[in-house]
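Under our numbering, think of the first position of the sequence shown as -2, with each following residue one higher.
Just so you know, even glycine gets a beta-carbon here, dropped at the ideal spot from N, CA and C.
The structure displayed is predicted, hence computed values, not measured ones.
What follows is a short report on a single structure.
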Amino acid sequence: MNATLDMILEKKVVAVIRDVPSQRILPTAQALMDGGVLCLEVTFDSGSAERSADALKSIAMMKQEFGPSIALGAGTVLTVEHVRASAEAGAAYILAGQFLIQSFFGKGFLCQIDAQNFACVSSVNHGYPRPFPLGF
């Protein structure tokens, strides 16, 4: 398995960080880590390109500050560009609803996940390491 997915399965809790500006992300992440939460997901904002860009900045800041001590991911991933940008920022996994994952077959999304060596986790309790299975 993937080390990130192993950590998620071991810890069993993923903190979903939504609408926390990058200016406050490091103290927020540190507080979660101090409380024993090491799996952190920063969500995109489907309604705001500006807040989505700030989420990517937060991911990059957290990756630089905390490195492999956390399982860092991106949530509300809706496009291939989100996958690419998440990887570039330092996310090790993405989270998307199962319906969205299924709808991306044949549209480059799963190929992009494979190319980035991501774990892809569905919000419907399915965690899939690379390679992604062909059925649900």
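In the DSSP assignment, find the unbroken beta strand (DSSP E) run with residue i in it and report its ends.
| i | result |
| --- | --- |
| L29 | Unbroken run through L29 is the alpha helix (DSSP H), 22 to 31; no beta strand (DSSP E). |
| T1 | Careful: T1 lies outside any beta strand (DSSP E), inside the alpha helix (DSSP H) at 0 to 8. |
Since residue i and residue j should fall inside the 8 Å C-beta cutoff, what is the C-beta to C-beta distance between them, to a whole number of angstroms?
| i | j | result |
| --- | --- | --- |
| F41 | A57 | Incorrect: roughly 14 Å between the Cβ atoms, too far for contact. |
| E62 | L23 | 6 Å |
Which partner residues does residue i have in the DSSP bridge list?
| i | result |
| --- | --- |
| E38 | V13, G70 |
Taking the alpha-carbon of residue i as reference, which of the options has the nearest alpha-carbon?
| i | options | result |
| --- | --- | --- |
| E38 | E47, V17, D31 | V17 |
| D3 | R48, L35, S55 | L35 |
| V13 | A71, A50, P65 | A71 |
| I67 | G87, V77, E78 | G87 |
| V10 | G32, N(-1), K54 | G32 |
If you follow the alpha helix (DSSP H) that residue i is part of, which residue opens it and which one closes it?
| i | result |
| --- | --- |
| S55 | 46 to 63 |
| S83 | 77 to 86 |
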